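Colleague: Just so you know, the sequence shown maps onto residues 1 to 112 in the UniProt record's numbering. From the three backbone atoms N, C-alpha and C, an ideal C-beta is built for every residue, glycine too. Source: prediction; values computed, not measured.
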Amino acid sequence: MDLHSVVCVRDRTISLKWYEAFFGRPADEIIGEEHLWQTGENAWLVIDDRPVRAARVGGTMITFGVTDLDDILARLAAHGIEHEPVETYPNGVRHVEILDPDGNSMSLAQFP
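(1) Should Ser5 and Ile98 be called a contact, given that it needs their Cβ atoms to be closer than 7 Å?
(2) What's the gap between the Cα of Asp2 and the Cα of Glu41?
(3) Taking only three categories from DSSP, how would you classify Ala27?
(4) Taking only three categories from DSSP, how would you classify Phe22?
(5) In this structure, how does DSSP classify Val52 when only helix, strand and coil are distinguished?
(6) So who's on the other strand from Met61, going by DSSP bridges?
(7) Is Arg10 helix, strand or coil when you go by DSSP?
(8) Does chain D have any CB closer than 7 Å to the CB of Ala27?
(9) Suppose you measure from the CA of Gln110 to the CA of Lys17; what does that come to, to the nearest Å?
(10) Measuring alpha carbon to alpha carbon, tell me which of Gly32, Ser107, Gly103, Gly24 ends up nearest Arg94.
In structure tokens form, the structure reads like this:
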């Protein structure tokens, strides 16, 4: 099964810059007006700023499992991207919420 998560944004130019910093690379694929980042073997994140999606801007919530949380947060800080405080859950998972320019939540979770 494949997964395509669509993140609705207001301005593709602003969002491209932000998501390139978030992922540390340009989009892996461009199909028409959609820019796609491969986030797993069969998983993709798509940004879409078409007017038909305007009512959904800012409502996305995605959590990515990562192995290098501190390195990612340092890279984001170098690009001026801020985040909420890092939380550590009782099971040892470290979690942080990061909001894109439209308020979409791109959380990161590192498992012990």
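Modeller: A quick look at the data gives this:
(1) no
(2) 9 Å
(3) coil
(4) helix
(5) helix
(6) Ser105
(7) coil
(8) Among the protein chains of the structure shown there is no chain D, as only one such chain exists.
(9) 25 Å
(10) Ser107
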